[in-house]
Ligand code: FAD
Ligand code: NA7
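Numbering (our numbering), first residue to last: 134 to 577.
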C-alpha cells in the first residue's frame, strides 16, 4: 500500500489529513497516512505554551504565540471552504477572534473528520532521505516519551513543519553589555512583564507591530520600534514611536543611525524567522526566506528536484488556513494520480513566471492580488472552493482600516467568503478589551 508521511500536525498538516479524509468520504481509495508531530497535541503554533527555549522533552519549544494574541487578519480571510465559522460556533462571531478561538476552530474540523488516529504525537522527525534505488523515502523519528527510534519507509513526504519557530537573531554592537532583558519575539509570552518599562523593538513587520501595540496596551512606559528598510508608518497611539536602525548600545543607552538616543529597559528582537529543515537530507532541503513565492517549488508546493516531496505553507502569509487547504488538496490529488505533474523544465518555467511577477510587486494590495491568484490557481484544479474574490476584498479593506487606525482595525467586521454571513462588530473596542477569554469574546 502507498504510504504518505506528513511531518507536522499544525494547520498545514491538518489540512493534508482533511484533504485525504474528504477524498475518502467521497469514495476514493486513499493511501496510508502517518502524521508525526513533536508536540503532545495538534494545532502547531496555535498551541500556546508558557515554555520558551526547550520543551518538556528537551526539544526546541515550537510555539511563538503569546497571551492576548488576537487574529491579526480578518477570520473571513482564512476561513476553511468546507467548514465555516458559523458551523463551528453555531452563530456569527466577530471578525478578529483571540488565539484560543482560532485554535478551537482549527481543531473543530479535525475532530469532526476524526483524523486523530493518523497522528503520532510526541514523535520528532530526525532524518528523511530518498533512495533512487527503492524510489522511497526513509524516515527516522524518535518517540520522545520512551526515547525509542523508529525507522519507516514512505512513498511520499509532506513537510508541514512551519517556518515561524526558529528565530532570526541579529546582533548589534554593545548589546552583549545591555543590562536588561533581550529576547526574540519567539520567546515573548506576556506583555504585562514589560509594564512601566521603556521598550526597544527591532523589526518592522507583523510581530513588531503587534508586540509594540500589546506592550503599550498592557502598560509599557514607552515603545521605540527600530526599522532597517522602512518604517511601518502607522498613526501610532501615544507612547509608540519609530526610529531607523540601532547603531549601537552603550549599557542601557541606545544610539540610532539618525543620531537619536534613547534610554531603554528591555529589548525584543522582532526580526523574523528562518526556514529550517535540519531533518531533511541536503538534496531535499528547501532554502528560502519569508517571501510570497519561495524558490524551487512547483505550485509553491512540489520540490521540483523530487516532486514526491511536498512542502505546505512555506510562503509569506496573507492567506493562511484556506491557502494551506488549497495546497493540501492539490498535493493530495497529485498523490492520488488525479493530477499529473508536468516535466521538470515546465515546472521550473512555471515557478520562474510566478517569481518574476512576485519581484515586480509594489505594494500590499498587489501582494494580496498575487496570493489570491495563487490560491485560485490551485483550487480551480481541485474540489475546494470559496469566494476568493470576496476574501481578497476583505484583505484590501483590512489594509485600509489599518492605515486609518492601527488600534481600530480589529473593531471592523467582514462578510464570510464561505457562507456570505456578515460578522457582527465586537462588543468592546480592541484597544480597551483586556480580557481575551473565550467567554468574554463570545459574550456568554
Ligand atoms: P505550525 O503552526 O508552525 O505547525 C508546525 C507543526 O510541525 C508543529 O505542530 C510542530 O510541533 C511540528 N514540527 C516541527 N518540526 C517537527 C519535527 N522535526 N518533527 C515532528 N514535528 C515537527 N496566522 C493567522 O492566520 N492569523 C494570525 O493571527 C496569526 N498570528 C500569528 C502570530 C505569530 C506570533 C506567528 C508566529 C504566526 C501567526 N500566524 C497567524 C501564522 C501561522 O504561520 C499560521 O497560522 C499557521 O500556524 C502555520 O501553520 P503550519 O502548520 O505551517 O505551521
Ligand atoms: P517577518 O514578517 O519576516 O519580518 C521580519 C522583520 O524583521 C522585517 O521587518 C525585517 O526587516 C526585520 N529584520 C530582519 N533582520 C533584521 C536585522 N538584521 N536588523 C533589523 N531588522 C531586521 O517576521 P514577523 O515575525 O514580523 O512575522 C512573522 C509572522 O508572525 C507573520 O506571518 C505574522 O502573522 C506573525 P526588513 O523589512 O527585511 O528590513
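Every residue gets a Cβ at the ideal spot worked out from N, C-alpha and C, and that includes glycine.
Check: residue i C-beta below 7 Å from any heavy atom of the ligand FAD
i	result
residue 439	no
residue 262	no
residue 145	yes
residue 401	no
residue 436	no
residue 177	yes
residue 195	yes
residue 205	yes
Residue i beta carbon near the ligand NA7 (any heavy atom closer than 7 Å)
i	result
residue 378	yes
residue 405	yes
residue 293	no
residue 446	no
residue 297	yes
residue 180	no
residue 318	yes
residue 335	yes
residue 361	yes
Straight-line gap, residue i to residue j (C-alpha atoms, nearest Å)
i	j	result
residue 389	residue 381	7 Å
residue 220	residue 139	27 Å
residue 469	residue 488	28 Å
residue 417	residue 316	32 Å
residue 174	residue 210	25 Å
residue 288	residue 512	24 Å
residue 306	residue 387	10 Å
residue 465	residue 342	36 Å
residue 495	residue 278	49 Å
residue 90	residue 436	The question about residue 90 has no answer, for the chain in this structure spans 134 to 577.
residue 188	residue 202	21 Å
residue 497	residue 541	19 Å
residue 506	residue 354	43 Å
residue 290	residue 167	10 Å
residue 242	residue 439	31 Å
residue 427	residue 442	15 Å
residue 564	residue 344	13 Å
residue 486	residue 323	43 Å
residue 145	residue 478	28 Å
residue 325	residue 352	7 Å
Endpoints, beta strand (DSSP E) assigned at residue i
i	result
residue 402	399–402
residue 382	379–383
residue 357	355–360
Segment limits, alpha helix (DSSP H) that includes residue i
i	result
residue 240	232–246
residue 393	Unbroken run through residue 393: none, as it is neither H nor E.
residue 222	218–222
residue 533	521–537
residue 262	Segment 256–264 is the beta strand (DSSP E) holding residue 262; no alpha helix (DSSP H) there.
residue 153	144–158
Any non-hydrogen atom of the ligand MN closer than 7 Å to residue i Cβ
i	result
residue 257	What this structure holds is the ligand FAD and the ligand NA7, not the ligand MN.
Collapsed DSSP secondary structure at residue i in the structure displayed
i	result
residue 227	coil
residue 443	strand
residue 188	coil
residue 200	coil
residue 542	helix
residue 417	helix
Chain B within 8 Å of residue i, Cβ atoms only
i	result
residue 183	Chain labels in this structure do not include chain B; a single protein chain is all it has.
* Whole beta strand (DSSP E) elements within the segment 266–350, 3-residue minimum -> 269–276, 281–287, 289–292, 314–317 and 331–335
* To do: Let me know the alpha helix (DSSP H) ranges lying completely inside the segment 445–487, each 4 residues or longer, listed in chain order.
  => Secondary structure in the segment 445–487: the alpha helix (DSSP H) runs of 4 residues or longer, each lying completely within the stretch, are 454–468 in chain order.
* To do: Starting from the N-terminal side, write out each stretch of the alpha helix (DSSP H) that is 4 residues or longer and does not extend beyond the segment 487–514.
  => 497–512
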